[in-house]
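Notes follow once the structure below has been shown.
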Amino acid sequence: MMLLSSLVLLLSGVISGTLAKSSTGNTVLVVVETAKQSNYSKFFKGLENKGFDLTFREPKAESPVIIQDDVPSFSHVIVLASDAKNFAKDITPQTLIELTTLKTNLLIALSPKQTPLSSLAAEFSLILPTPGSVLYSYFPERADKPTVVPVNIPQTPITSQKGPVFFSGVPFALGDNPLLVPILNAPVEGFAAESTSAEVLVEAADRGGEGLWAGSRLGLVTGFQTLDGARVTWVGGPEVFSDEYAAKEGPNGVKAANAQFVQDVAAWTFQESLVLRVDKVNHFLANTTTSLEQYTTNDNIEFSAYISAYDAKTGTWAPYSGITDMQLEFTMLDPHIRTALLPVPGVPGKYSKTFRAPDRHGVFKFVINYKRKGYSYLQSSTIVPVVPPRHDGYPRFLSAAWPYYAGAISTSLGFFVFSALWLAGDSRPAKKGKAQKTE
Amino acid sequence: MAPKTTPSTPKSAPSPVASLWKAYNDETPDRLKFVDSFLVFLMLSGITQFLYCILVTSFPFNAFLAGFSSTVGQFVLTASLRSQVNPTTKDFKDVSPERAFADFALGSIVLHFFVFNFLG
């Protein structure tokens, strides 16, 4: 029996080791026209090599449906059919939003044309230029059309390789939504325009560039991580994924980095990279190992959190000690204590902090709320009551109170001495007094 | 009565405080002087504790309340004993000094019982 169960464990370990490349699942639905499917064969091949199960679907095909009985059928959805004017009735902005609440990740390519996806982009704080606008850049000088723009990849945790990425498509302005994760921005010389006829450019130059969308604040590839943890990546045009662009050469003979770049973007979107989680948290009275149900005011409390990062290479979660800017809050409505929660040296994945509970009783929470662009959100909240000391828990016989003790004791002693003298002197002074009185 | 009607120093009028002090010394029985000295002690003790509370700390407030109220309570009990055993007071003619002292002692013991309960 033991042998069998261990065999099953081993087997499942092997299977997950070979197949599980994403932390949330391996099934991917690709919505793309069959005719264009071969344009992206390198991208799809790369995904399949990593262990993803790709299912292709025409934008107007009725099956397979993306949500069946309120359960998403796929872990990830790629929409490359950006030119499609209308989709099958189960692919609408509403169902795509619903997918994100069901923790399905989306990779969506936009089109310069007005499509249902354009209105969905606005829901994610992406501001699209007027329909028909695409990114132009005349720099650096090259043989390509000005709409095929080489963009240098910024050094971010999501994309680390060097080299130009060829992009053509629609750029978009980013709203001030804090959940947006810019991955690739337009080059400084780039601008969005419907056409580049001389009149349009002269007119824009006359107005000092006013009304012209231009510059590196324009996003080309932008991620969005919902509060539930689902990731949505918006790409200005599907050509970034194409075999043609992957094989291109840059202006100075540098090879295009498209192939690796789109794999990195997909890895981030499909929860392979920068995925963190809180395994467990615990709290003790400092220097003990027993967890208390409640603490007393001014207790020294030790709080620990164990954090893991997903390792896509092995498909396992490994302790992660790389966070240096996490904070712990001890909160009752307001954070009464907000302090750094730093990794413990020598214990992988453990973050710990010892602090003194405030001199305030009530229902407190240990709160970790770590949100950084690109990384999974770490959220943890543990309720713990903090009570005042019990009636016999207060300090006694304080030195500051000695005048009061002396006062009370001397009064009592005085009473005894007074009584003793009164009783001892009862006969004589009383008689004397009476005698004097009578005399 | 005598000191008031026959002033010992006729040349200059004596200060009222001095004459009051002299009258007290001359007229008060030793027994009552003894009670008064205890009252003065209690008053000084109470004032000391109150000043300490104001100027230094009231932190173990229960200790302050116990210490201060023991002096106040003892003062009240002793003052009532004094008025009951004072032969010039007419109100307590039917209360014997023994009875008054027994009341005083019982009241004091009860008071100190509460004080020491509250002190720590």
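Quick note, the sequences are listed as chains A and B, same order.
So the first sequence is numbered by UniProt numbering: it starts at 1 and just counts up by one.
So the second sequence is numbered by UniProt numbering: it starts at 1 and just counts up by one.
Where is the CB? At the ideal position from N, CA and C, for every residue including glycine.
Model, not experiment: these values are computed from the prediction.
Cutoff 8 Å: residue i Cβ touching any chain A Cβ
{"i": "Gly107 (chain B)", "result": "no"}
{"i": "Pro3 (chain B)", "result": "Interpretation of Pro3 (chain B) is limited by its pLDDT of 48, a score under 50 that renders its predicted location unreliable; no figure is taken from the coordinates."}
{"i": "Phe41 (chain B)", "result": "yes"}
{"i": "Tyr24 (chain B)", "result": "no"}
{"i": "Phe38 (chain B)", "result": "yes"}
{"i": "Phe92 (chain B)", "result": "no"}
{"i": "Val76 (chain B)", "result": "no"}
{"i": "Leu44 (chain B)", "result": "no"}
{"i": "Ala102 (chain B)", "result": "no"}
{"i": "Phe116 (chain B)", "result": "yes"}
{"i": "His112 (chain B)", "result": "yes"}
{"i": "Thr89 (chain B)", "result": "no"}
{"i": "Gln84 (chain B)", "result": "no"}
{"i": "Leu55 (chain B)", "result": "no"}
{"i": "Leu20 (chain B)", "result": "no"}
Local Cβ density within 10 Å of residue i, reported as buried at 16 or more and exposed below that
{"i": "Phe416 (chain A)", "result": "exposed"}
{"i": "Pro112 (chain A)", "result": "buried"}
{"i": "Val200 (chain A)", "result": "exposed"}
{"i": "Met1 (chain A)", "result": "Its pLDDT being 46, under 50, Met1 (chain A) is placed unreliably in this model, and the value from its coordinates should be taken loosely. Exposed: under 16 other Cβ atoms inside 10 Å."}
{"i": "Trp21 (chain B)", "result": "exposed"}
{"i": "Tyr24 (chain B)", "result": "exposed"}
{"i": "residue 440 (chain A)", "result": "The shown model of chain A, from 1 to 439, leaves out residue 440 (chain A), and the question about it has no answer."}
{"i": "Leu126 (chain A)", "result": "buried"}
{"i": "Ala122 (chain A)", "result": "exposed"}
{"i": "His269 (chain A)", "result": "In the sequence as presented, His is not what sits at residue 269 (chain A); that position holds Thr. Flag for Thr269 (chain A) reads buried."}
{"i": "Ile54 (chain B)", "result": "exposed"}
{"i": "Pro29 (chain B)", "result": "buried"}
{"i": "His391 (chain A)", "result": "exposed"}
{"i": "Thr289 (chain A)", "result": "exposed"}
{"i": "Val110 (chain B)", "result": "exposed"}
{"i": "Ile47 (chain B)", "result": "exposed"}
Close beta carbons around residue i, own chain, < 7 Å, minus the five adjacent residues each side
{"i": "Ser108 (chain B)", "result": "Gln74 and Leu77"}
{"i": "Gln114 (chain A)", "result": "Pro131"}
{"i": "Gly362 (chain A)", "result": "Met332 and Val386"}
{"i": "Ser291 (chain A)", "result": "Asn282, His283 and Phe284"}
Close beta carbons around residue i, own chain, < 6 Å, minus the five adjacent residues each side
{"i": "Val30 (chain A)", "result": "Leu54, Phe56 and Ile78"}
{"i": "Val384 (chain A)", "result": "Phe364"}
{"i": "Pro97 (chain B)", "result": "Val85"}
{"i": "Phe104 (chain B)", "result": "Leu77 and Leu81"}
{"i": "Gln161 (chain A)", "result": "Ala257 and Gln260"}
{"i": "Val32 (chain A)", "result": "Leu80 and Ala81"}
Short Cβ contact (8 Å threshold) for residue i with residue j
{"i": "Asp243 (chain A)", "j": "Ser41 (chain A)", "result": "yes"}
{"i": "Leu341 (chain A)", "j": "Ile368 (chain A)", "result": "yes"}
{"i": "Asn26 (chain A)", "j": "Gly51 (chain A)", "result": "yes"}
{"i": "Ser195 (chain A)", "j": "Val170 (chain A)", "result": "no"}
{"i": "Thr314 (chain A)", "j": "Leu328 (chain A)", "result": "no"}
{"i": "Thr411 (chain A)", "j": "Leu42 (chain B)", "result": "yes"}
{"i": "Ser308 (chain A)", "j": "Gly346 (chain A)", "result": "no"}
{"i": "Tyr351 (chain A)", "j": "Leu276 (chain A)", "result": "no"}
{"i": "Pro116 (chain A)", "j": "Ala88 (chain A)", "result": "no"}
{"i": "Ala286 (chain A)", "j": "Pro60 (chain B)", "result": "no"}
Cβ-based neighbour list, residue i, same chain, cut-off 8 Å, excluding 5 preceding and 5 following
{"i": "Ser83 (chain B)", "result": "Thr89, Asp91 and Phe92"}
{"i": "Ala198 (chain A)", "result": "none"}
{"i": "Leu227 (chain A)", "result": "Leu179 and Tyr377"}
{"i": "Thr324 (chain A)", "result": "Leu342 and Pro343"}
{"i": "Ile153 (chain A)", "result": "Thr159, Gln161, Lys162, Gly163, Pro164, Val165, Leu184, Ala257 and Phe261"}
{"i": "Arg360 (chain A)", "result": "Thr297, Met332, His336 and Val386"}
{"i": "Gly393 (chain A)", "result": "Thr296"}
{"i": "Val149 (chain A)", "result": "Leu135, Tyr136, Ser137, Phe166, Phe167, Ser168, Ala186, Pro187 and Gly190"}
Any C-beta of chain B under 8 Å from that of residue i
{"i": "Arg231 (chain A)", "result": "no"}
{"i": "Leu413 (chain A)", "result": "no"}
{"i": "Ala408 (chain A)", "result": "yes"}
{"i": "Arg396 (chain A)", "result": "yes"}
{"i": "Leu276 (chain A)", "result": "no"}
{"i": "Ser23 (chain A)", "result": "no"}
{"i": "Tyr405 (chain A)", "result": "yes"}
{"i": "Ala420 (chain A)", "result": "no"}
{"i": "Ala424 (chain A)", "result": "no"}
{"i": "Ala305 (chain A)", "result": "no"}
{"i": "Ala401 (chain A)", "result": "yes"}
Residue i CB to nearest heavy atom of the ligand GDP below 7 Å
{"i": "Leu119 (chain B)", "result": "Absent from the structure shown: the ligand GDP. Ligands present: none."}
(message) Tell me whether the stretch 256-276 of chain A and the stretch 159-170 of chain A touch, counting them as touching only if at least three CB pairs, one residue from each stretch, are closer than 8 Å.
(response) Touching, yes.
(request) Flag this pair as touching only if the stretch 281-292 of chain A and the stretch 177-197 of chain A have three or more C-beta atom pairs under 8 Å; answer yes or no. (result) These segments do not touch.
(message) I'd like to know if the stretch 225-239 of chain A and the stretch 102-117 of chain A are in contact, where contact means that at least 3 CB-CB pairs between them fall below 8 Å.
(response) Contact between the stretch 225-239 of chain A and the stretch 102-117 of chain A is present, because at least three Cβ pairs lie under 8 Å.
(message) Taking 8 Å as the cut-off, does the stretch 291-305 of chain A touch the stretch 259-270 of chain A (at least 3 CB pairs, one atom from each stretch)?
(response) No, they do not touch.
(message) Against chain D, which members of the stretch 59-76 of chain B pass a CB distance test of less than 8 Å?
(response) Of the protein chains in the structure, A and B, none is chain D.
(message) Any contact between the stretch 55-67 of chain B and the stretch 405-416 of chain A? By contact I mean 3 or more CB pairs, one from each, below 8 Å.
(response) The stretch 55-67 of chain B, when compared against the stretch 405-416 of chain A, does touch it at the 8 Å Cβ threshold.
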